[in-house]
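For the sequence shown, the numbering used here gives the first residue as 1, with consecutive numbering after it. Ideal Cβ positions, reconstructed from N, Cα and C, are used throughout, including at glycine. Bear in mind the structure is a predicted one, so any value in this text is a computation, not a measurement. Below: the structure, in structure tokens.
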Amino acid sequence: MKLRPLADRVVLKQNEAEERTSSGIFLTASAQEKPEIYEVVEVGPGGMVEGNEVKMIVEAGQKVLVGKYSGSKVKLGEDEYTIVRQSDILAVIE
Numbered sequence: 001m002k003l004r005p006l007a008d009r010v011v012l013k014q015n016e017a018e019e020r021t022s023s024g025i026f027l028t029a030s031a032q033e034k035p036e037i038y039e040v041v042e043v044g045p046g047g048m049v050e051g052n053e054v055k056m057i058v059e060a061g062q063k064v065l066v067g068k069y070s071g072s073k074v075k076l077g078e079d080e081y082t083i084v085r086q087s088d089i090l091a092v093i094e
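What follows is the structure, encoded as structure tokens:
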């Protein structure tokens, strides 16, 4: 099964949380802070959204920064994805 976003939606996959600190201490699962850095998996076609034309500027494979509570979580098999609007993406990491 594959997710194909519509309009100005973007499918993201969250990067893994750090399992140990910079000094080498291993963190328990509850102590691991999930980064808000995601990898773009799929990008919608853009087009007309709420009467305005939206041009998609992010591409699959890019790393992006997204707000902590943005988007909708979707689980397909063992993989978890987040679907957001392009306007919910705060920055592209280069």
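Limits of the beta strand (DSSP E) - the one that residue i falls within
| i | result |
| --- | --- |
| Gly47 | Gly47 to Val49 |
| Tyr81 | Asp79 to Arg85 |
| Ile57 | Per DSSP, Ile57 belongs to no beta strand (DSSP E) and is neither H nor E. |
| Tyr38 | Ile37 to Val43 |
| Ala91 | Ile89 to Ile93 |
Presumed contact (8 Å Cβ cut-off) between residue i and residue j, rounded CB distance
| i | j | result |
| --- | --- | --- |
| Leu6 | Val84 | Wrong, their Cβ atoms sit about 13 Å apart, outside the cutoff. |
| Val92 | Val64 | 5 Å |
With 16 other Cβ atoms within 10 Å as the buried cut-off, status of residue i
| i | result |
| --- | --- |
| Asp8 | buried |
| Ile89 | buried |
- [ ] Spell out a yes or no on whether the stretch 65-75 and the stretch 42-49 are touching, meaning 3 or more CB-CB pairs, one atom from each, closer than 8 Å.
- [x] no
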